[in-house]
Amino acid sequence: MQRIHVRNQPKYHFIKNTSYALKGLKDLLLTETSFRIELVAVCVLIPLLWFFSLELWYKLLMFSSLTGILIAEAINSAIERVTDLVTLEHHEMAGRAKDMGSTVVFLSIGVCVVIWCFGLWQWAQH
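Right under this line is the structure:
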């Protein structure tokens, strides 16, 4: 018995997939205020890492925590878009999905704050 593969997905092609990712990033920048605000904060904080006399692994952890916020915001925006595609009417499950997406962003910011507080504390100890 032959298995039918049903997926609406084109064959992988690096250049095309990269263009899709850049298209999504452009859309985030043009339409998502939260993403733009977080991106500005990330762009301000990343250069500060050069001024801290911390071990490289800690700087990488701090950098990763910042980029995690942007990743979480992109995921949240995707959840919101798909939910709005399904229904624009108020629906409890749609609201819960959007709330959970916001929770992902909230948690990523919390993790980032904790990591940066420990990093700054380590730096202040030197």
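Per my numbering: the sequence shown = residues 173 to 298.
Don't be surprised by glycine CBs; every beta carbon is placed ideally from N, CA and C.
query = For K188, which three-state DSSP category applies?
reply = helix
query = Do you know offhand how far V212's Cα is from T190's?
reply = When rounded, the distance between both Cα atoms is 23 Å.
inquiry  = So for Q297, helix, strand or coil by DSSP?
reply    = helix
key: 7 Å Cβ shell around M234 - same chain, five flanking residues per side excluded   = Contacts found: L221, I287, W288 and G291.
query = For V276, which option in E252, F186 and E264 has the closest C-alpha, if you only look at C-alpha atoms?
reply = If we check each option's Cα against that of V276, E252 comes out closest.
key: Proximity winner among A246, I187 and K188, relative to L201 (alpha-carbon distances)   = A246
message = Under DSSP, the alpha helix (DSSP H) around S141 begins and ends at which residues?
response = Given that the chain is displayed from residue 173 to residue 298, the structure contains no residue 141 and the question cannot be resolved.
task = Would you mind reading off the limits of the alpha helix (DSSP H) that contains F223?
result = F223 -> no alpha helix (DSSP H), and no H or E assigned at all.
ask   = Three-state secondary structure (DSSP) at E261?
value = coil
ask   = For I187, does the count of other Cβ atoms within 10 angstroms reach 16, so buried, or fall short, so exposed?
value = exposed
query = Where does N248 land, buried or exposed, given buried means 16+ other C-beta within 10 angstroms?
reply = buried
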